[in-house]
Amino acid sequence: MKISIVTPSYNQGEYLEETIQSVLNQRYPDLEYIIVDGGSTDKSKDIIDRYSSRLCWYVSEPDNGQADAINKGMSHASGEICAFLNSDDLYLPGALQLVATYIEQNPTCNWVCGDTLYFGENIPAYYHSSKVPTKPVHALIWEYHTPQPGMFWRRSVLDVRFNTSYDYCFDHDFYLKLLQLGISCKHIKHPVAAYRLHSTSKTVNYQQNFDLEFDLIADSYLSTLSFFDQRKVVATKHIRKIYSQVQHGAALHNDD
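Numbers in this note's numbering are just positions in the sequence shown, counted from 1, shifted up by 141.
Here's what the structure looks like:
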């Protein structure tokens with residue numbers, strides 16, 4: 142069962158080689174690895190060139206952001222199983238074989254998520270067991286936690302593309318589209334990836350932008366929900382807003 146992995150990258154030369162090695166060192170027998178670089182100005186292009194003979198396809202050119210890079214890479218993917226791994230994250234040893242075996246043994250499964258390790262500079266590594274969404278409202282009120290590096294899909298569901306209108310929550314929007322189509326996510330209770338937290342990552346630096354996009358997406362899906370589910374989403378939005386204000390106030394107080 143062929144697996145296609147796409148790595149979108151832009152000026153992540155500090156971490157990119159470790160990411161590439163974590164994919165290639167899987168020694169998976171039928172691997173198709175694709176790297177889409179957004180025209181990096183650091184050492185990324187030199188790193189990619191060193192591994193070019195082991196890549197199915199790669200490019201280094203300006204794009205319209207991370208979602209656009211992933212869509213571009215997926216258009217060259219032919220594997221039955223597909224995933225994207227950001228250029229600062231890692232796959233753990235044996236991850237691809239584990240995912241392939243699970244999907245082979247569960248022929249109706251189109252979407253899986255394994256567990257993830259978090260790690261980073263001056264951050265003790267810790268294990269996270271994923272909680273997968275079961276229906277759209279669960280995703281819209283954030284009743285799920287599935288770190289992106291643990292996600293894999295059958296190629297057949299990737300007719301749904303990542304929305305390039307979003308810079309931070311395009312994966313969240315993608316999950317919602319799949320859930321609306323009745324495609325469920327299955328949980329593999331085993332760590333398959335490692336999520337790197339560092340000072341220049343979107344997750345660490347731009348949480349407010351994630352929150353804003355999350356709310357925009359929630360608003361766009363409201364009309365598709367039942368009355369009671371709409372109330373849950375609106376209530377959650379207000380609770381998150383109040384919590385953010387309290388956190389901001391506490392931060393200002395600590396700065397005094």
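Where is the CB? At the ideal position from N, CA and C, for every residue including glycine.
Query                                                                                                                                                                                         : Result
Within 10 angstroms of the Cβ of Asn247, are there 16 or more other Cβ atoms? Answer buried if so, exposed if not.                                                                            : exposed
When you compare the CB positions of Val333 and Tyr259, do they come within less than 8 Å of one another, or not?                                                                             : no
Given that a residue counts as buried once 16 or more other Cβ atoms are within 10 Å of its Cβ, and exposed if not, what is Gly220?                                                           : buried
Count the C-beta pairs between the stretch 173 to 180 and the stretch 196 to 212 that are closer than 8 Å, then say yes if the count reaches three, no if not.                                : yes
Please go through the same chain and pick out, in chain order, the residues whose beta-carbon is closer than 7 Å to the beta-carbon of Gly291, but skip the five residues on each side of it. : Cys254, Gly255, Asp256, Thr257, Ser271, Val333 and Ala334
Going residue by residue through the stretch 271 to 349, where are the continuous alpha helix (DSSP H) segments of at least 4 residues, counting only ones entirely within it?                : 277 to 281, 311 to 321 and 343 to 346
Among all the DSSP beta bridges, which residues are the ones paired with Glu173?                                                                                                              : Ser145
If you reduce the DSSP assignment to three classes, tell me which class Gly261 lands in.                                                                                                      : strand
At what residues does the alpha helix (DSSP H) containing Tyr156 begin and finish?                                                                                                            : Gly154 to Leu165
What span of residues does the alpha helix (DSSP H) with Tyr243 cover, start to end?                                                                                                          : Ala236 to Gln246
What separation, rounded to the nearest whole angstrom, lies between the Cα atoms of Val351 and Tyr199?                                                                                       : One point to set straight first is that residue 351 is Phe, not Val, in the sequence displayed. Looking at the two C-alpha atoms, the distance is approximately 28 Å.
Determine the extent of the beta strand (DSSP E) in which Ala218 is found, giving its start and end residues.                                                                                 : No beta strand (DSSP E) contains Ala218, which DSSP labels as neither H nor E.
Who are the Cβ neighbours of Ile329 in its own chain at under 6 Å, not counting the five residues just before and after it?                                                                   : Tyr243, Val253 and Gly255
At what residue ranges does the stretch 184 to 208 contain a whole run of the beta strand (DSSP E), taking only runs of 3 or more?                                                            : 198 to 201
Compute the Euclidean distance between the alpha carbons of Leu172 and Tyr362, then round it to the nearest angstrom.                                                                         : 36 Å
What is the DSSP secondary structure of Tyr232, counted as helix, strand or coil?                                                                                                             : strand
Going by DSSP in three states, Ala392 sits in which element: helix, strand or coil?                                                                                                           : Residue confidence is low: Ala392 scores 48 on pLDDT, short of 50, so the model does not pin down where it sits. No coordinate-derived value is stated.
As a quick exercise: from Lys186, Met215 and Asn152, pick the residue whose alpha carbon is nearest that of Asp300.                                                                           : Met215
Quickly, what does DSSP pair Tyr267 with across the bridge? List them, please.                                                                                                                : Tyr259
Within 10 angstroms of the Cβ of His379, are there 16 or more other Cβ atoms? Answer buried if so, exposed if not.                                                                            : exposed
Looking at C-alpha atoms only, which residue of Phe293, Glu284 and Arg191 is the closest neighbour of His147?                                                                                 : Residue 147 is actually Val in this sequence, not His. Closest by alpha carbon: Phe293.
Do you know how far the Cα of Pro274 is from the Cα of His286?                                                                                                                                : 8 Å
Let me know the secondary structure DSSP gives Ser364 once reduced to three states.                                                                                                           : helix
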